[in-house]
Amino acid sequence: ESKARSRGQFTLFADEMDARYLERQRLKADLRAAVDDNDITVVYQPMFTPDGRGLACCEALARWHHPEKGAIAPNIFIQIAEEMGIVSAITHQVLRKACIDCGNWPETIGVSVNLSVHDLRHGDLAGTVERILQETGLSAKRLHLEVTESSLIEELSAARAMLDRLRQLGITISIDDFGTGFSSLSYLDTLPVDVVKIDRSFVRDIGENARRLKLLRGIVSLARGLDIGIVIEGVETREQLALIKKHNCADLIQGYVFSMPISPHAVAALAEQAELTGIKGEAGVA
Ligand code: C2E
Ligand code: MG
Ligand code: MG
Ligand code: MG
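Residue numbering for the sequence shown follows full-length UniProt numbering, starting at 484 and increasing by one per position.
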């Protein structure tokens, strides 16, 4: 009897595995169709000066709205696209849309696009970027590219050659999720890095945890010593913002405390408002 039961359980388990597998296969097919149809859209999260007055740049963030399932998080569909070998098609779509949208904003505002580790390994990213800049007419000065620290470490030698070429075009190179790659940091001295985006895990509890704040300040002074710009990601609260300002930890702030990711039109509207008044009465914290 117990054998029968365990066989029954196994069958149930196997069915569930099948169902999950099929679900994943369907999601892959849908993603491929969305990419083929140029259906990946882009929203933009502004980066502000710590006083909230200057809007310097916006990060382009890919969005996929699935016809039945609704919004699928980029952490999920980017990973699926990497498995399928089609992530570069997403990079190119986002790059093109970001360059077009940025061209409609005031000239002082840049746009920052995320790269996948696959973009470092395969294809001719620098060539593609150069072509997209030509086609859209955006100045290379306004384009930033974000490479995660972990993909950089995985592909150090390929990355070095590619980043050198991109830098020669006049593009700004940022290290994304900085501080989460468990690296020796010696690459900072030898790679063409302009900006580090300090991961939000360093900010989350700086209010309660004095050691976390010290760690953050240490990273900041390291980057400053190397003449590298500092963006802090994931700043959510006024308390976090006040501490970052008090200890002069950032050149730019990206986080919900100032703005969620928004549409390209909303960026244009915000740009006007930012120049005139600063954002959302930030003066209260200064
Ligand atoms: P990321 O590049 O580190 O982007 C920042 C993520 O943090 C975004 O999530 C953003 O919405 C979120 N965020 C911003 N401010 C806050 C905050 O104050 N609190 C919290 N909790 N989160 C905040 P999103 O849009 O879901 O993107 C997640 C990740 O997906 C990105 O992390 C990036 O690694 C990847 N991704 C997004 N778009 C692309 C793309 O076009 N290409 C590639 N290769 N990866 C992308
Ligand atoms: Mg990023
Ligand atoms: Mg990041
Ligand atoms: Mg990330």
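Virtual Cβ for every residue (Gly too), placed ideally from N, Cα, C.
Small disclaimer: the values here were computed from a predicted structure and weren't measured.
Practice prompt. Starting from the Cα of E613, find the closest Cα among H601, H627, H549, L668 and give me that residue.
Written response: For the purposes of this step, residue 613 is identified with residue 130 of the sequence shown, where counting begins at 1. Considering only alpha carbons, the answer is H627.
Discussion item. DSSP has A543 in a bridge; who is on the other side?
Written reply: Taking the sequence shown and counting its residues from 1, one reaches residue 543 at position 60. Bridge partners of A543: Y527, V596.
Practice prompt. If I'm right that L671 touches I711 with Cβ under 8 Å, what's the distance once you round it to whole angstroms?
Written response: Position 188 of the sequence shown, counting from 1, holds the residue named residue 671. Position 228 of the sequence shown, counting from 1, holds the residue named residue 711. Confirmed, about 7 Å.
Worksheet item: How many angstroms separate the CA atom of T532 from the CA atom of F741?
Response: In the sequence shown, the residue the question calls residue 532 occupies position 49. In the sequence shown, the residue the question calls residue 741 occupies position 258. In this model, T532 and F741 are separated by some 10 Å (Cα to Cα).
Discussion item. Classify P645: buried if its beta carbon has 16 or more other beta carbons within 10 angstroms, exposed otherwise.
Written reply: One-based indexing of the sequence shown puts residue 645 at position 162. At residue 645 the sequence reads Met, which differs from the Pro that was named. Classification for M645: buried.
Worksheet entry | For S633, the first and last residue of its enclosing alpha helix (DSSP H) | The residue given as residue 633 occupies position 150 in the sequence shown. First-last of the alpha helix (DSSP H) with S633: 632-637.
Worksheet item: When DSSP labels each residue in this structure, what does H605 get in the three-state scheme?
Response: Position 122 of the sequence shown, counting from 1, holds the residue named residue 605. Looking at H605 - three-state DSSP - the assignment turns out to be coil, as it is neither helix nor strand.
Worksheet entry | Continuous beta strand (DSSP E) stretch holding V673: start and end | Taking the first residue of the sequence shown as 1, we reach residue 673 at position 190. The sequence given here places Thr at residue 673; Val does not occur at that position. Looking at the DSSP string, T673 is not in any beta strand (DSSP E); the run it does join, the alpha helix (DSSP H), is 670-673.
Fill in: Backbone secondary structure at I762 - three-state DSSP
By one-based count along the sequence shown, residue 762 stands at place 279. The pLDDT assigned to I762 is 42, lower than 50, so where the model puts this residue is not dependable; a value taken from the coordinates is nonetheless given after this. Coil, per DSSP.
Worksheet item: If you measure from the CB of E719, is any heavy atom of ligand 3 nearer than 6 Å?
Response: For this step, residue 719 is matched to residue 236 along the sequence shown. Flag unset: Cβ of E719 not near ligand 3.
Fill in: Check: V577 C-beta below 6 Å from any heavy atom of ligand 1
Numbered from its first residue, the sequence shown carries residue 577 at position 94. Checking every heavy atom of ligand 1 against the Cβ of V577, one is found closer than 6 Å.
Discussion item. Below 6 Å, is the gap between the Cβ of D602 and the nearest heavy atom of ligand 3?
Written reply: Locating residue 602 in the sequence shown gives position 119, counting from the first residue. The answer is no for D602.
Worksheet entry | Three-way DSSP call (helix, strand, coil) for G620 in this model | In the sequence shown, residue 620 corresponds to position 137, counting from 1. Looking at G620 - three-state DSSP - the assignment turns out to be coil, as it is neither helix nor strand.
Fill in: Beta-bridge pairing of H549 - partner residues as DSSP gives them
The count along the sequence shown starts at 1 and reaches residue 549 at position 66. As DSSP reads the structure, H549 sits in a beta bridge with G553.
Worksheet entry | For A752, the nearest candidate out of P529, M500, E506, V518 (CA to CA) | Counting from one through the sequence shown, the residue named residue 752 turns up at place 269. Taking only the C-alpha atoms, the option nearest A752 is P529.
Worksheet item: If we count the other Cβ atoms within 10 Å of its Cβ and call it buried at 16 or more, is K580 buried or exposed?
Response: Counting from one through the sequence shown, the residue named residue 580 turns up at place 97. Buried, because 16 or more other Cβ atoms sit within 10 Å of the Cβ of K580.
Worksheet item: What is the rounded straight-line gap between the Cα of G717 and the Cα of G610?
Response: Working through the sequence shown from its first residue, we reach residue 717 at position 234. Working through the sequence shown from its first residue, we reach residue 610 at position 127. Taking the straight line joining both Cα atoms gives about 32 Å.
Practice prompt. Please report the Cβ distance between V676 and I654, rounded to the nearest whole angstrom; I am assuming they are in contact, meaning their Cβ atoms lie under 8 Å.
Written response: Within the sequence shown, numbered from 1, the residue matching residue 676 stands at position 193. Within the sequence shown, numbered from 1, the residue matching residue 654 stands at position 171. Between I654 and V676 the Cβ distance is about 12 Å, and since that is not below 8 Å, they are no contact.
Discussion item. Looking at ligand 2, does it come within less than 6 Å of E629, judged from the CB to the closest heavy atom?
Written reply: Residue numbering aside, residue 629 sits at position 146 when the sequence shown is read from its first letter. Yes.
Discussion item. I'd like to check one pair, Y504 with V750: are the Cβ atoms closer than 7 Å?
Written reply: Residue mapping note: residue 750 aligns to position 267 of the sequence shown, counting from 1. Residue mapping note: residue 504 aligns to position 21 of the sequence shown, counting from 1. Not a contact, by the Cβ cut-off of 7 Å.
Practice prompt. Please confirm whether any heavy atom of ligand 1 lies closer than 6 Å to the CB of D672.
Written response: Your numbering for residue 672 matches position 189 in the sequence shown. Checking the Cβ of D672 against ligand 1 gives no.
Discussion item. By the three-class DSSP mapping on this structure, what secondary structure does I658 have?
Written reply: Residue numbering aside, residue 658 sits at position 175 when the sequence shown is read from its first letter. I658: strand per DSSP, three-state reduction.
Worksheet item: To the nearest whole angstrom, what separates the beta carbons of F661 and V679, a pair I think is in contact under 8 Å?
Response: Start at 1 with the first residue of the sequence shown, and residue 661 comes out as number 178. Start at 1 with the first residue of the sequence shown, and residue 679 comes out as number 196. Between V679 and F661 the Cβ distance is about 4 Å, and since that is below 8 Å, they are a contact.
Fill in: Candidates E590, Q651, R625, Y739: closest to V596 by CA position
One-based indexing of the sequence shown puts residue 596 at position 113. The shortest Cα separation from V596 among E590, Q651, R625, Y739 belongs to R625.
Fill in: Reduced DSSP secondary structure (H/G/I, E/B, other) of G690
Indexing the sequence shown from 1 puts residue 690 at position 207. Coil.
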